[in-house]
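Report on the structure given below.
In this note's numbering, the protein residues as written are 301 to 472.
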């Protein structure tokens with residue numbers, strides 16, 4: 301029994317010595333780099349682009365595409381209403397429009413009835429000038445309204461609908 305205590309004590313002392321050596325090594329490493337020049341800061345800017353490979357496996361039917369457009373546009377109209385009521389900050393609205401614009405450009409469809417309208421949506425959002433407020437596009441722009449009207453007509457021609465909904469108190 302006395303021997304096993306010694307082994308345990310030896311093991312504990314060895315463990316403490318190893319821990320002390322690790323702490324000393326870590327402190328020495330910190331001291332060695334204390335006078336070194338810091339690494340330069342690198343700034344990376346990433347622009348979100350739809351990943352075509354990831355989109356290829358999805359549903360490309362007119363019903364699905366028009367459903368996605370309906371959902372994204374309804375959220376936009378709801379957010380716009382809350383912004384106009386002063387319940388959403390300018391920054392939050394701008395961030396929403398950026399995300400919405402990106403999502404609208406990722407809608408894919410193989411239905412020829414939607415090809416022109418889908419291309420118009422994507423091109424407009426990609427080419428629209430940033431507004432004075434910093435928005436990626438102007439949701440009240442007449443050209444954008446015409447594109448959405450054409451999209452609704454195209455969805456109908458494809459046997460689907462472009463639909464929206466309103467929150468209570470929004471009217472319409």
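The C-beta atom is built at its ideal place from N, Cα and C for all residues, glycine as well.
| Item | Value |
| --- | --- |
| Looking at the structure shown, is residue 367 part of a helix, part of a strand, or coil, going by DSSP? | helix |
| List in chain order: all unbroken alpha helix (DSSP H) runs of 4+ residues lying wholly within the region 362–419. | 362–384 and 390–405 |
| How about residue 407 and residue 458: are their beta carbons less than 7 angstroms apart? | no |
| I'd like the list of long-range same chain contacts for residue 383, defined as Cβ closer than 7 angstroms, with 5 residues on each side in sequence excluded. | 393 |
| Between which two residues does the alpha helix (DSSP H) carrying residue 456 extend? | 442–457 |
| Could you name the residues of the same chain whose beta carbon sits closer than 7 angstroms to that of residue 396, not counting the 5 residues immediately before and after it, in chain order? | 379 |
| Between the beta-carbon of residue 417 and the beta-carbon of residue 464, is there less than 7 angstroms? | no |
| What is the rounded straight-line gap between the Cα of residue 436 and the Cα of residue 425? | 8 angstroms |
| Tell me whether the beta-carbon of residue 456 lies closer than 7 angstroms to the beta-carbon of residue 363. | no |
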